[in-house]
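Q: In this note's numbering, the protein residues as written are 42 to 195.
Before we start, here is the structure in question, set down as structure tokens.
As structure tokens, this is what we get:
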């Protein structure tokens, strides 16, 4: 049991339930990155944590996984294409450590999906940071094809 007698709850609003972001484009930054081993074992994947910076969804988190060390060459090729799209979006020609991609704003294309029967989000691609005058689309967003965004996962 944990004592909560010294916690002041006056002037605290309850957190609203979080739901999946609507499909669309969002401005975000990569805030964390690290290799993680899948629960099933096998080669580690690069997991990216992205934080949305658009005012309406500021601070919301998204995750993307890049299988850069997979046994199947086609999976590695797709992950490299995704990494290249990120590099192009943030203006880096070469990355020797994933931390170099942190805190650089880019546009992330998000799809609304289902995971374990619940609404979820999936990163579908990356693009250059949107200029301040460009509109943001959040509903009825057509997911781009691989040729449109250099993204084989779409």
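A virtual CB, placed ideally from N, CA and C, is assigned to each residue, including glycine.
The structure presented is a predicted model; accordingly, all values stated were derived computationally and were not measured.
Along the chain, where does the alpha helix (DSSP H) containing residue 116 start, and where does it finish?
A: For the purposes of this step, residue 116 is taken as residue 75 along the chain shown, with counting starting at 1. Unbroken alpha helix (DSSP H) run through residue 116: 114-131.
Q: Rounded to a whole number of angstroms, what is the C-alpha to C-alpha distance between residue 107 and residue 99?
A: If you number the chain shown from 1, residue 107 lands on position 66. If you number the chain shown from 1, residue 99 lands on position 58. Taking the straight line joining both Cα atoms gives about 24 Å.
Q: According to DSSP, is residue 55 part of a helix, a strand, or is it coil?
A: Here residue 55 refers to the residue found at position 14 when the chain shown is read from its first residue. Looking at residue 55 - three-state DSSP - the assignment turns out to be coil, as it is neither helix nor strand.
Q: Pick from 90, 91 and 76: whose alpha carbon is nearest that of residue 84?
A: Numbered from 1 along the chain shown, position 43 holds the residue referred to as residue 84. The option with the nearest alpha carbon to residue 84 is 76.
Q: Closest to residue 163 by CA distance: which of 90, 140 and 117 is it?
A: To locate residue 163, count along the chain shown from 1; it is residue 122. Per the Cα distances, 90.
Q: Sort 74, 112 and 130 by Cα distance to residue 105 and report the nearest one.
A: Numbered from 1 along the chain shown, position 64 holds the residue referred to as residue 105. Comparing Cα-Cα distances from residue 105 to each of 74, 112 and 130, the minimum goes to 74.
Q: Should residue 123 be labelled buried (16 or more other beta-carbon atoms within 10 Å of its own) or exposed?
A: By 1-based counting over the chain shown, the position of residue 123 is 82. By the neighbour-count rule (16 or more Cβ atoms within 10 Å), residue 123 is buried.
Q: So, is residue 156 buried or exposed, given that buried needs 16 or more other C-beta atoms within 10 angstroms?
A: Translated into positions along the chain shown, residue 156 becomes position 115. Exposed: under 16 other Cβ atoms inside 10 Å.
Q: Output yes or no for whether 8 Å exceeds the beta carbon distance between residue 168 and residue 150.
A: Taking the first residue of the chain shown as position 1, residue 168 is located at position 127. Taking the first residue of the chain shown as position 1, residue 150 is located at position 109. Contact: yes.
Q: Alpha carbon to alpha carbon, what distance is there between residue 132 and residue 45?
A: Within the chain shown, residue 45 is the residue found at index 4, counting from 1. Within the chain shown, residue 132 is the residue found at index 91, counting from 1. Roughly 48 Å between the two C-alpha positions.
Q: Measure the beta-carbon distance from residue 25 to residue 120 and round it to whole angstroms, keeping in mind my assumption that it falls under 8 Å.
A: The structure shown does not extend to residue 25, since the chain is modelled only from 42 through 195, so no value can be given for it.
Q: Just list the residues that DSSP pairs residue 71 with in beta bridges.
A: Walking along the chain shown from the start, residue 71 turns up at place 30. Partner(s): 91 and 143.
Q: Would you identify the three-state DSSP class for residue 97, choosing helix, strand or coil?
A: Residue numbering aside, residue 97 sits at position 56 when the chain shown is read from its first letter. In this structure, residue 97 counts as helix in the three-state DSSP scheme.
Q: So what's residue 134 in DSSP terms, helix, strand or just coil?
A: To locate residue 134, count along the chain shown from 1; it is residue 93. Coil at residue 134, not helix or strand.
Q: Go ahead and pull the three-state DSSP assignment for residue 49.
A: Locating residue 49 in the chain shown gives position 8, counting from the first residue. Here residue 49 sits in coil by DSSP.
Q: When DSSP builds the beta bridges, which residues end up paired with residue 103?
A: Against the chain shown, residue 103 aligns to sequence position 62. Answer is 91.
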